[in-house]
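Residue numbers (UniProt numbering), protein chains in the order written: chain A, 1 to 347; chain B, 1 to 366. Only one structure is covered here, and it is reproduced in the block below.
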């Protein structure tokens with residue numbers, strides 16, 4: 001997501017004098033467009049409808065890379081995404097700054113604050129006009145703010161190409177709230193929405209495995225799960241009696257440890273369907289706990305197709321659908337293990 | 001509501017069902033019946049599983065659940081013809097399903113009917129962890145286990161006290177120490193207990209005597225039926241973990257005790273029954289997934305035991321699980337409040353998969 005990208009950007013304002021001139025960047029943009037058309041021709045596709053996804057796909061095909069770090073692989077993107085946004089030189093040949101707020105140090109931030117205040121004043125004037133006409137009402141069209149959040153400090157910094165402090169950011173948000181509190185704020189709706197970001201509905205991210213039907217009419221579904229380096233895949237059959245077979249053996253004998261059986265039990269018990277399903281699973285890799293975790297994830301995913309929307313959200317909040325990202329940490333040279341150091345000798 | 005009704009019924013029937021084997025039938029599947037304390041002391045000085053013994057101590061009573069395999073076994077015993085060679089019954093099933101308990105139940109039936117019991121509680125104990133292995137005094141290629149043999153003779157004495165004076169020895173077996181004709185069995189057993197060196201041979205002699213006499217007299221004082229019960233049958237034909245003095249592995253045939261028990265297993269005598277149970281938990285060199293007779297006995301054992309009547313023991317079904325759960329509730333064994341609710345019960349069903357031993361271990365820390 002873009003917030004991650006924000007954190008990785010270096011200090012923008014301290015970039016110093018412009019490294020790339022505007023002409024240079026324009027030339028790069030031209031070259032990119034031409035290159036895009038060439039690439040489309042090479043791949044035998046239509047140059048007019050060649051999107052960024054197609055470019056990524058073609059580059060991955062033409063330059064296959066075995067590098068693990070995705071950011072080190074060959075990439076062809078629009079120059080705006082590659083070259084960091086920079087401030088143009090803000091003073092003319094005689095040293096006079098262009099912007100009137102240059103000497104505040106954060107010219108774009110303060111000019112933004114000015115703009116917002118201008119809008120507030122404009123709305124107040126509009127309000128007075130309506131009052132004079134006698135058409136003043138408090139219940140005007142309100143801006144819908146549910147499902148969105150204010151832009152983060154880092155995102156605003158990226159937009160302004162400037163560093164701002166936490167207090168500056170809070171001041172800006174206060175001003176926006178003030179703008180929102182006025183009755184006729186819907187006049188400036190699109191301006192405000194530029195500073196709000198839509199949140200995606202989390203539970204719609206999960207793809208629910210399709211529910212298939214047996215010749216006898218019994219519903220079943222497949223699902224996979226992973227944990228550490230264990231891979232599990234299961235078949236969940238309806239109208240069963242709670243038998244669970246893993247790798248051909250009963251789960252009681254495959255997982256003699258109570259903790260692992262509890263892990264298997266958790267999704268079924270949470271949804272309340274413990275005696276309803278028959279589960280047939282195969283799992284390989286890693287150790288017994290990781291295998292139990294992988295199976296648990298697979299069971300939760302398979303249950304999604306038997307369960308209602310509200311239950312899906314509950315399961316997500318219970319953490320049943322999140323894949324555990326913890327992996328074995330790499331051993332570093334100069335150390336005994338991942339964290340353990342060699343014996344420290346004073347001399 | 002149904003649960004409450006079942007609970008009342010079970011509670012009443014638990015108290016009223018004493019050891020009256022005549023009245024127990026398929027209707028009573030799932031209900032508990034109490035083993036009288038005196039019987040436990042006499043019949044099972046060594047026979048019951050250790051966890052069950054702990055349970056007896058905790059609850060101050062020994063309650064056994066009536067289950068279909070045990071009922072099946074008892075019905076066969078009731079119908080069998082004792083003038084013919086003995087039928088061999090093998091109880092088999094997955095780990096923890098209750099084979100030893102069913103065997104004990106059937107043995108209790110035999111005891112109440114006045115049979116003579118030869119009970120080897122765990123044959124695996126004789127093929128591993130033996131401290132003293134003496135070369136046999138009577139036969140050069142065999143090995144004796146004096147401690148195990150004398151221990152077993154002591155238990156045998158406790159169980160079959162009333163028979164010791166009745167059974168007369170029919171012949172004399174030559175050895176350094178002789179026993180006269182017409183001596184009661186009790187003396188022979190005492191001799192074995194007192195003199196450890198010859199105890200294994202005494203065991204062999206006792207078994208031989210009982211075999212000869214079991215079907216002999218149909219009436220009169222010396223009449224008795226012989227019940228031979230072996231738990232952990234697969235130990236007799238498996239491998240041992242004992243080593244001879246020259247560091248080679250011992251074969252089971254080379255052990256006197258095992259050899260004599262094997263002879264018992266053959267059906268060349270009459271007037272009794274052979275009840276056995278397989279056991280994977282104590283077995284040596286067998287994978288954990290093996291539970292069928294062919295897997296655990298091996299080729300040799302299977303051929304020896306054929307023909308036999310297999311009785312399969314499986315996990316609790318719904319009714320039996322219900323009964324066990326109510327029993328634990330009744331004895332206040334399930335202390336956690338969550339275990340008394342429906343949710344808790346579902347958890348117990350899932351976590352134990354209705355396996356008796358796993359359920360017992362689960363409830364132990366609730």
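Glycine is no exception: its CB is placed at the ideal position from the N, C-alpha and C atoms.
Contact with chain A by residue i, beta-carbon distance below 7 Å
{"i": "residue 351 of chain B", "result": "yes"}
{"i": "residue 218 of chain B", "result": "Confidence in residue 218 of chain B is poor, its pLDDT being 49 and thus under 50, which makes the residue's placement unreliable; the coordinate value appears in the next sentence. Closer than 7 Å: no."}
{"i": "residue 317 of chain B", "result": "no"}
{"i": "residue 357 of chain B", "result": "no"}
{"i": "residue 2 of chain B", "result": "Per-residue confidence for residue 2 of chain B stands at a pLDDT of 47, beneath the threshold of 50, marking its modelled position as unreliable; the derived number appears in the next sentence. It does not; no Cβ of chain A falls within 7 Å."}
Where residue i falls, given that 16 or more other Cβ within 10 Å makes a residue buried
{"i": "residue 89 of chain A", "result": "exposed"}
{"i": "residue 142 of chain A", "result": "exposed"}
{"i": "residue 276 of chain B", "result": "buried"}
{"i": "residue 336 of chain B", "result": "exposed"}
{"i": "residue 305 of chain B", "result": "buried"}
{"i": "residue 353 of chain B", "result": "buried"}
{"i": "residue 199 of chain B", "result": "buried"}
{"i": "residue 320 of chain B", "result": "buried"}
{"i": "residue 230 of chain B", "result": "buried"}
{"i": "residue 119 of chain B", "result": "buried"}
{"i": "residue 139 of chain B", "result": "exposed"}
{"i": "residue 218 of chain B", "result": "Per-residue confidence for residue 218 of chain B stands at a pLDDT of 49, beneath the threshold of 50, marking its modelled position as unreliable; the derived number appears in the next sentence. Under this definition residue 218 of chain B is an exposed residue."}
{"i": "residue 332 of chain A", "result": "exposed"}
{"i": "residue 300 of chain B", "result": "exposed"}
{"i": "residue 129 of chain A", "result": "exposed"}
Under the three-state DSSP convention, the category residue i falls into
{"i": "residue 284 of chain A", "result": "strand"}
{"i": "residue 28 of chain B", "result": "helix"}
{"i": "residue 68 of chain B", "result": "helix"}
{"i": "residue 130 of chain B", "result": "coil"}
{"i": "residue 104 of chain A", "result": "helix"}
{"i": "residue 250 of chain B", "result": "coil"}
{"i": "residue 221 of chain A", "result": "strand"}
{"i": "residue 327 of chain B", "result": "helix"}
{"i": "residue 186 of chain B", "result": "helix"}
{"i": "residue 92 of chain A", "result": "coil"}
{"i": "residue 111 of chain A", "result": "helix"}
{"i": "residue 328 of chain A", "result": "coil"}
{"i": "residue 143 of chain B", "result": "strand"}
{"i": "residue 194 of chain B", "result": "helix"}
{"i": "residue 344 of chain B", "result": "helix"}
{"i": "residue 166 of chain A", "result": "helix"}
{"i": "residue 86 of chain A", "result": "coil"}
Residue j beta carbon less than 7 Å from that of residue i
{"i": "residue 106 of chain B", "j": "residue 73 of chain B", "result": "yes"}
{"i": "residue 31 of chain B", "j": "residue 64 of chain B", "result": "no"}
{"i": "residue 228 of chain B", "j": "residue 274 of chain B", "result": "yes"}
{"i": "residue 302 of chain A", "j": "residue 223 of chain A", "result": "yes"}
{"i": "residue 278 of chain B", "j": "residue 315 of chain B", "result": "no"}
{"i": "residue 318 of chain A", "j": "residue 227 of chain A", "result": "no"}
{"i": "residue 184 of chain A", "j": "residue 279 of chain A", "result": "no"}
{"i": "residue 349 of chain A", "j": "residue 215 of chain A", "result": "Lying before the first or after the last residue shown, residue 349 of chain A is absent from chain A, which here runs from 1 to 347."}
{"i": "residue 286 of chain A", "j": "residue 233 of chain A", "result": "no"}
{"i": "residue 307 of chain B", "j": "residue 90 of chain B", "result": "no"}
{"i": "residue 236 of chain B", "j": "residue 262 of chain B", "result": "yes"}
{"i": "residue 297 of chain A", "j": "residue 225 of chain A", "result": "yes"}
{"i": "residue 98 of chain B", "j": "residue 356 of chain B", "result": "yes"}
{"i": "residue 199 of chain A", "j": "residue 147 of chain A", "result": "yes"}
{"i": "residue 59 of chain B", "j": "residue 361 of chain B", "result": "no"}
{"i": "residue 226 of chain B", "j": "residue 77 of chain B", "result": "no"}
CB contact below 7 Å: residue i versus chain B
{"i": "residue 274 of chain A", "result": "yes"}
{"i": "residue 252 of chain A", "result": "yes"}
{"i": "residue 265 of chain A", "result": "yes"}
{"i": "residue 301 of chain A", "result": "no"}
{"i": "residue 261 of chain A", "result": "yes"}
Exercise. Taking a cut of 8 Å between CB atoms, which residues from the segment 150-172 of chain A lie near chain B?
Worked result: none
For this session: Could you run through the segment 277-290 of chain B and flag, in chain order, every residue whose CB is less than 8 Å away from some CB of chain A?
Result: 288, 289
Problem set entry | Interfacial residues, the segment 329-348 of chain B to chain A, with Cβ spacing under 7 Å | 346, 347
Exercise. Which residues, taken in chain order from the segment 209-234 of chain A, show a beta carbon closer than 7 Å to some beta carbon of chain B?
Worked result: none
Problem set entry | Residues in the segment 35-60 of chain A having any Cβ partner in chain B nearer than 8 Å | none
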